[in-house]
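Below is one structure, written out as structure tokens; the observations come after it.
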Amino acid sequence: GLSSTKDLLLNAEKGGYAIGAFNVYNLEGVEAVVAAAEEQHSPAILQIHPGSLKQGGIPLIACCISAAEQATVPITVHFDHGTSKQDLLEALELGFDSLMVDGSHLSFTENVSYTKFISSLAHMKGILVEAELGRLSGTEDDLTVEDYEAKLTDANQAQEFIDETGIDALAVCIGNVHGKYPASGPKLRLDLLKDLHALTSKKGVFLVLHGASGLSKELIKGCIELGVRKFNVNTEVRKAYMDSLSGPNKDLVHVMAAAKEAMKAVVAEKMHLFGSAGKA
Ligand code: 13P
Ligand code: ZN
Ligand code: NA
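No gaps in the numbering here: position 206 of the sequence shown is 1125 in the UniProt record's numbering, and each next residue is one more.
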């Protein structure tokens, strides 16, 4: 059924596992995540990015909520990467149970005031707030090492950020990236994650890791051991969808079913890696 993100994360904390938050764009995507969750007896988060919301609008949110309500396992609906005040103010009215305030493009001081503003409004409505400190890059960004280091989450700033904003969950930048990792593979600063966890666990704040597509089983395990409770997954599910379209059968209904199956397989695999399979 339709659950609360806070409950999912609290249970994950107690059980020492993580919840997958999967970006969805259409009915096949929503059905793929919910079917995977039911088959794997796993809780899950359906998340909608502003770009996806622009395409799917309110019917897409309604689809997520309705699918969650009918599911035999706990599902919640989350708004991903709210980079503008306008998007977030809208999102507050649309029925999301949790949202991400993404002020990572702002200076630290601006990020604090932006996050604090939305966080106070969201909390009045009982909506869980995730926010990002540091800045996640894509591999196409072509950053120098110095730039890259500068974008990692700073542990001292994290303390102040949490105290000032009152957020419930912190998305950290420890070398994780959206999309593909370089051919040499992901390099995560687990030492930094450990420091950040020491801080967030004292404050009852959940750790979130974006850019989970492309992370090895070992890295995911390491992150969970160091407190990550929510992994965001997008690229691998999208790729499964697109790859499925190259099959020989071009009948619409067949293509839709094949896309759903392809996405479902990726989602199910992640649920096992995250340890959420069998927890619902
Ligand atoms: P990936 O596309 O790397 O899985 O990242 C997803 C994400 O962080 C969505 O917010
Ligand atoms: Zn992200
Ligand atoms: Na990634």
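Ideal Cβ positions, reconstructed from N, Cα and C, are used throughout, including at glycine.
Sequence-distant Cβ neighbours of ALA1074 in its own chain, meaning closer than 8 Å and more than five residues away, are LEU1111, ASP1114, LEU1115 and LEU1118.
Residue pairing by DSSP puts PHE1150 in a beta bridge opposite GLY939 and LEU1128.
Here LEU1138 really is in contact with PRO1105; their C-beta atoms are around 6 Å apart, less than 8 Å. Residue nearest to LYS1158 within the set SER1132, LEU1008 and LEU1071 is SER1132 (criterion: CA-CA distance).
DSSP places ILE1081 within a helical segment (H, G or I) once states are collapsed to three. Looking at the backbone, the Cα of ALA1176 and that of GLU1029 are separated by about 45 Å.
Around the ligand ZN, the residues whose beta-carbon falls short of 6 Å from at least one of its heavy atoms are HIS1000, HIS1097, HIS1129 and ASN1151, given in chain order.
Taking 7 Å as the cut-off, the beta carbon of SER1017 is found no closer than this to the beta carbon of ALA1199.
Between the stretch 1088-1096 and the stretch 946-966, the count of Cβ pairs shorter than 8 Å is below three; the stretches do not touch. With distances taken between CA atoms, GLN1076 lies nearest to VAL1031 out of LEU1047, LYS1179 and VAL1031. Our two residues, GLY970 and GLY976, have alpha carbons roughly 10 Å apart in a direct line. Apart from the 5 residues on each side of it in sequence, GLU957 sits with its Cβ closer than 8 Å to the Cβ of ALA990, THR991 and VAL992 in its chain, given in chain order. Nearest neighbour of LYS1099 by Cα position, chosen from GLY1130, MET1161 and LEU1192, turns out to be GLY1130. Taking C-beta separations shorter than 6 Å and ignoring five residues to either side along the sequence, the partners of GLY1085 in its chain run SER1038, following chain order. Of the residues assessed, HIS1173 falls on the exposed side of the cut-off, its CB having fewer than 16 other CB atoms within 10 angstroms. With contacts defined by Cβ atoms closer than 7 Å, MET1019 and HIS1042 do not form a contacting pair. Burial check for GLN974: the Cβ neighbour count within 10 Å stays below 16, so the residue is exposed.
With at least 16 other beta carbons inside 10 angstroms of its own, ASP1021 counts as buried. In the DSSP assignment, LEU1047 falls within the beta strand (DSSP E) that extends over 1047-1052.
Collapsing the DSSP output to three states places THR995 in a strand. Using a Cβ distance threshold of 7 Å, VAL1185 and VAL1156 count as a contacting pair. Under the criterion of beta carbons closer than 8 Å, ALA986 and PHE998 do not qualify as touching, at roughly 16 Å. DSSP, reduced to helix, strand and coil, places ILE1093 outside both helices and strands of the structure shown, so it counts as coil. Secondary structure at SER1039: helix, using DSSP grouped into helix, strand and coil. Cβ-Cβ separation between PHE1193 and TYR944: approximately 21 Å, too far for a contact (criterion under 8 Å). Of the residues ASP1006, LEU1126 and HIS1097, the one whose Cα lies closest to the Cα of THR1154 is HIS1097.
Set against 6 Å, the gap from the CB of ALA1131 to the closest heavy atom of the ligand 13P is smaller. With a 10 Å radius around the Cβ and a threshold of 16 neighbouring Cβ atoms, GLN1005 comes out exposed.
When secondary structure is reduced to three states using DSSP, HIS960 falls in the coil class, being assigned neither helix nor strand.
Under the three-state reduction of DSSP, ALA1199 is assigned to coil, being neither helix nor strand.
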